[in-house]
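Visitor: Quick note, in our numbering, the sequence shown goes up one by one and the last residue is 252.
C-beta: ideal position from N, C-alpha, C; glycine also.
The structure follows.
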Amino acid sequence: MGDHRPLWKRILLGPNRRPWFSWITAVIMLIVLVYELVRNQNLTGSVIQTSPVFNPMIGPSSQVLINVGAKFTPCMRTIPEMPPTATLADCYKAGSTCTVEQVCGFGGFGGSAPDQTFRFFLPIFMHAGIVHFIVNMLTHLSLGCDLEKALGVPRYVLLYILAGLFGNVMSAMLARYNQPSMGCSGALFGLIGYMFVDTITHWKLIRHPWRELMKLLFSTIISLILGLLPGLDVRKRAKTIEMDTHATMIF
């Protein structure tokens, strides 16, 4: 019935035939990942991190990810234990050193307190490596596309971006200050949280509700397990689901 709505109503409220936002952002994330790998090659001499430890996500080192724009609290606000002048060992290459301000990049802080608040937003489009990207795309291009077509572009974009931002804010508050994180996982967990509430609310209207619920549980468990790996923050994922269960009725 929604297909008979005027075009402007379908764009705003759905249903839409093509999930343009999901497709475009997937391409943007791929481009960003390629840039991360190129940046890692330029700074370390290797496309992916292989020393002093191997990145299990098959991607750049944590220092390179911070330099590109990952969420890293010392770059965003003053941390007494890790001020801008603090020295980091094995920075980019084994045996080399750099300061927190240098690894944060983007022109540094100019003698002021760390204030790179754009790191709440930019990490949504970054990934810790090829494995991280592929796993997130499985949800982004399946559940994300279906939800965007159902909700319409504005509501879906609002849900996606707010969930991603909230996940990074909670991560900055709860995670270890010296642990960088990145990825659209916070946004995707917002979508999963929305779908949990929507499935339960419309239980009697769904043809196979238990099947849909099991699929959501499986996606949640796999993503939470991945969140235990280095660079992937499980806290922002759990808190994003909690936030989204409260916000679902708005949509």
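1) Can you tell me whether DSSP reads Lys72 as helix, strand or coil?
2) Mind checking whether Ala188 and Ser182 have CB atoms under 8 Å apart?
3) Taking the straight line between their C-alpha atoms, what separation do you get for Asn169 and Lys72?
4) Measuring straight from C-alpha to C-alpha, what distance separates Leu206 and His133?
5) From which residue to which residue does the alpha helix (DSSP H) around Ala90 run?
6) Would you kindly work out how many angstroms separate the C-alpha atoms of Gly108 and Ala114, rounded to a whole number?
7) Taking Cβ positions, are Asn41 and Gln50 nearer each other than 8 Å?
8) Just to check, is the beta-carbon of Pro75 closer than 7 Å to a non-hydrogen atom of the ligand FMN?
9) What's the call for Pro61, buried or exposed, on a 16-neighbour Cβ count within 10 Å?
10) Identify every residue that forms a DSSP beta bridge with Cys105.
11) Residues in its own chain within less than 7 Å of His141 by CB, not counting five upstream and five downstream?
Guide: Looking at the coordinates:
1) strand
2) no
3) 7 Å
4) 34 Å
5) First-last for Ala90: Thr88 to Ala90, but that is the beta strand (DSSP E), not the alpha helix (DSSP H).
6) 13 Å
7) yes
8) This structure does not include the ligand FMN; it has no bound ligands of any sort.
9) buried
10) DSSP, once it has assigned bridges, lists no residue as partnering Cys105.
11) Ser23, Ala27, Cys185 and Leu189
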